[in-house]
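The structure appears below as structure tokens.
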Amino acid sequence: MTREVWITGQGLLSPLGQDLNETWDRLSDEAAIAAAADHAFLPPFTVMPMTLPALDRFVPKRGDQRAMGPFMLAGCIAAAMAMDEAGLLGAEPDVLKQINLMVGVGGGERDEAVDEAILTALNGRDDGDVLAEQLQTELRPTLFLAQLPNLFAGNISIVLGVSGSSRTFMGEEASGVDAVRVAYERIQGGQDDLFLVGSAFNASRRDIPLLYQAGGFLLEDPALPFWRRPKAGMALGSAGAFLVIESRESAEARGAKPLARLSGVLNDRCRREPGQASANAAREWAMLAPKPGCAVLSGACGSGPATAEEHDFLMKMVQGAEAAQVRPTAAALGHSIECSFLTNLVLATKAVREGKLFPALTDDPVEAAPAADVTQAVVTTWGHRRGEGMALVERI
Amino acid sequence: MASRPVAVTGIGLVTSLGKGAEANWQALSAGKSGIHRITRFPTDKLRTTIGGSVDFLLEEPFSATQLSFALAKTAAGEAVAQSGIGTPGDFPGELFLASPPVEHEWPQRVRLDRQAPGQPHTYGGMMAAAAQAGEDLYVDFINGTIADRLADEFGTKGSPITLTTACASGATAIQLGVEAIRRGQTKAALAIGTDGSIHMEALIRFTLLSALSTNNEDPTKAARPFAKGRDGFVMAEGAGALVLEDAEAAKARGATILGYIRGVGEAADTFHRTRSNPNGEAIIRAISDALDDAGVAPGDIDYINAHGTSTPENDKMEAFGIQAVFGDDAANVPVSSNKSMIGHTLTAAGAVEAAISILTLQHQVLPPTINHEGPADIPLDFVPNEARPAEVDLILSNSFGFGGQNVCLVIGRNPD
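Which chain is which? The protein sequence lines are A and B, in order.
Mapping of the first sequence onto our numbering: residues 651 to 1046, in sequence order.
Mapping of the second sequence onto our numbering: residues 1436 to 1851, in sequence order.
What follows is the structure, given as structure tokens:
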């Protein structure tokens, strides 16, 4: 059994805007893009922070607001926006029980002041007794829950009443693809009908950037051209992105309008020996078989050599019969790791509805294909370390 | 929809009771406890000093990532070998891994802090030290690493899935594998639940949620699922692995089938972050959906492998849910909790208990709920203290998580 999969709702928060339309408009605004980059928060690195919209509309209870950090709040708001557009926000419990929640995320924020206070008390010693005393006096129980990845989905269930199921995928960029892919496969295979899928990422924290800096991935020189940076080429960006996807039958029965068709989601991994990731991408491209002139919302992260390899792959799609119109959104929004794929899926949906893309984000020839009516958009993920995913979104 | 029967052709287990399915079964059927005093870090200042840590697999010190990987690799190696599927390093199917979220732990923070140039005891200082500190501080603490290493080790195909649904994670891993096989997307799946995350901060965080037992005097008596006087769960480590196969494909290659995953059900609770709705709605729905998915009635279930954490809240709500679904028959269905002996292996629990359910079917013996003494306040048959021979064809295995994630499996000796 293969069934048609429709996108019927979407929500996006980004460094450029507090919803999809604002983000879309500002992707055409060079000054807004430049202004979104923050060089002061974590010098010498570049971070793309975002400001959350007022919480009260979608997360009205103070208790719920306090139970979440910015990462979970961003997810909750983006999820509410997607449900709102799909006509599911505030639906009856019998409807909410039909909604399956699938997310791809990392962990929530730590209390950095507490960590620094404990490091001060430890003063470089591995002293278990001091650590035990400090942790027991400094930690707050609610913060633990705000850190657990599965509470990202748990909070969405609590705040928005979504109760069909709740599954949390982890594992950096690939986790976002996995969440959408498994939802897509379950709909297509007739195992379920209605899904809320999404992710979020908060770049304005220190523990997660610390991890990527230990790996040598963070961009120090923002002047370096996006596609040709060394390994230290990633500027992290905050995001929240959600989609409602469902079987055509489900949407029609609910009277929900399709925004676009999701026509394929693929994901694979390799050990990143030279050429392996390109081979995965080429196979996925062939399976999705987009039409010439399609848009490509690239999830390139900016870190070489992964991004350089994706560039070479995409150049062939630009110069060949595919005549692809490529946009590397991380060049404007920063890289949102787990949320990168979801962010680009939302933008792809917008692109096929608008029939066009925003202007080139870099002056690289990979973005130089002539503008053409966009009826199909390919979304790529080329994980900074692992994971090569691709999806196809089509105008209905 | 018509779906393909899913067979289990291999299982693997590591818990505080030992390494391997056979060693675990010997201990479980003898009613032995694996809970002991924690020696991995000083516990003098802690309210809980006991756990089901697995101390025999790696030389200390190690991170949660390293131990969780070692546990998963050990259990999966056993399961894959038993199944006889594929060739070493070439598993012909997908990987579904339930593993704990990871982040830097205190040894890593202190290590970075010691090297921080100029700004001691700050994230800024650690950030300045990070680039020279060693790649292990990155790769060992990103969430995709354990599955990535397992994919290399076993040669699984496709994007390796890492998932968490809190204490239901192990069951979710199995559920994802079952769904993929039923869709015909893969003929085989390696489903693993692993958890090696007993470190000081994790223990203290659960303590602050008042979730852990503080019955420290005799560690073996601390986990008392469903008993009066139960005062919390006992943190534990372990891994369970199952090789799942399209039953037709398994038969065609002459595999020995150990049992079948007959049904899966899930439901999310919208009530509270750590408590389930007092009406038990999501628990009841998860159990009912699993039974429906298997095409069986409550009366067909011979035994329930309970979530049974030993917290006052879980056990009360689980018993309530069982009574609601099974009605007048509830008292006649034996229910026991493996956690009375191995503690709560958290992310791994669903997979560990599914593997034990397969052993229960093979041996036709119900593992007991130990530490079940004194007057009972819940009128169910908890198989108290001693294993019991029984005819078992169909088992319900429950997993309920913090954050409201509930998953139930129906595991059978026969395909229908």
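The beta carbon of each residue, even a glycine, is placed where N, CA and C say it ideally should be.
Everything numeric in this text was worked out from a predicted model, so none of it was measured.
Look at B:V1537 here: in three-state DSSP terms it is coil, with no helix or strand label. Going by DSSP, A:W656 is part of the beta strand (DSSP E) stretching over V655 to L663. For A:N917, the neighbours in chain B by C-beta distance under 8 Å run, in chain order, G1593 and S1594. At a cut-off of 9 Å between beta carbons, A:E654 makes no contact with chain B. Scanning the stretch 790-814 of chain A for uninterrupted alpha helix (DSSP H) segments of 4 residues or longer gives 791-797 and 799-810, listed from N- to C-terminal end. The C-beta of B:E1808 comes no closer than 9 Å to any C-beta of chain A. Judged by DSSP secondary structure, A:V996 falls within the alpha helix (DSSP H) whose first and last residues are S990 to E1004.
Interface annotation, B:K1656: not in contact with chain A, CB-CB separation never under 9 Å.
For A:F892, the enclosing beta strand (DSSP E) covers residues A889 to S897. Judged by beta-carbon spacing, B:W1541 lies within the 9 Å limit of A:D776, meaning their Cβ atoms are closer than that value.
Among the residues of chain A, those whose CB is under 7 Å from the CB of B:A1717 are S813, following chain order.
No Cβ-Cβ contact shorter than 9 Å links B:R1640 with B:D1750. Around the beta-carbon of A:T701, fewer than 16 other beta-carbon atoms lie within 10 Å, marking it exposed. Rounded to the nearest angstrom, the gap between the Cα atoms of A:L666 and A:S678 is 10 Å. For B:V1787, no beta strand (DSSP E) encloses it; the enclosing alpha helix (DSSP H) starts and ends at A1784 to H1798. If you check each beta-carbon in the stretch 817-837 of chain A against every beta-carbon of chain B, the ones closer than 8 Å belong to R817, T818, F819, M820, G821, E822, A824, S825, V827, D828, R831, V832, E835 and R836.
In its chain, beyond the 5 residues on either side, T696 have a beta carbon closer than 6 Å to the beta carbon of A:P872. Classified as exposed, B:N1714 has fewer than 16 neighbouring CB atoms from the shown chains inside 10 Å of its CB. Taking 9 Å as the CB threshold, B:V1545 lines the interface with chain A. For the beta strand (DSSP E) assignment, the uninterrupted runs of no fewer than 3 residues enclosed by the stretch 1510-1598 of chain B are, from N- to C-terminal side, 1529-1533. Two segments are said to touch when three or more pairs of C-beta atoms, one from each, lie closer than 8 Å; by this definition the stretch 840-848 of chain A does not touch the stretch 927-938 of chain A.
At least one CB of chain B lies nearer than 9 Å to the CB of A:E783.
Taking A:M731 as reference, the option from A:P710, A:T673, A:L662 and A:V780 with the minimal CA-CA separation is A:L662.
A:G661 has a beta carbon lying at 9 Å or more from every beta carbon in chain B. Cβ proximity to chain A below 8 Å picks out nothing from the stretch 1745-1762 of chain B. Residue burial annotation: A:E902 is exposed, with fewer than 16 other C-beta atoms found within 10 angstroms of its C-beta. Counting only the Cα atoms, A:E822 lies some 24 Å from A:L874. Distances from the CA of B:T1607 to each of A:S816, A:G826, A:L916 and A:N773 were compared; the closest alpha carbon is that of A:S816. At the C-beta level, A:V1024 and A:Q660 stay beyond 9 Å of one another. According to the DSSP assignment, A:T957 belongs to the alpha helix (DSSP H) that extends over A956 to Q969.
A:Q668: not part of any beta strand (DSSP E); DSSP gives it neither H nor E. For B:W1460, DSSP assigns no beta-bridge partner whatsoever. In the same chain as A:M937, and ignoring 5 residues on each side of it, the C-beta atoms closer than 8 Å to its own belong to G914 and L916, in chain order. Beyond the five residues adjoining it in sequence on each side, A:Q715 comes within less than 6 Å, by CB distance, of L705 and V709 in the same chain, given in chain order.
What B:D1548 touches in chain A, judged by beta-carbon distance under 7 Å, is L769 and G774, going in chain order. Residues of chain B whose Cβ lies closer than 8 Å to the Cβ of A:I808 are, in chain order, T1705, F1706, H1707, R1708 and G1839.
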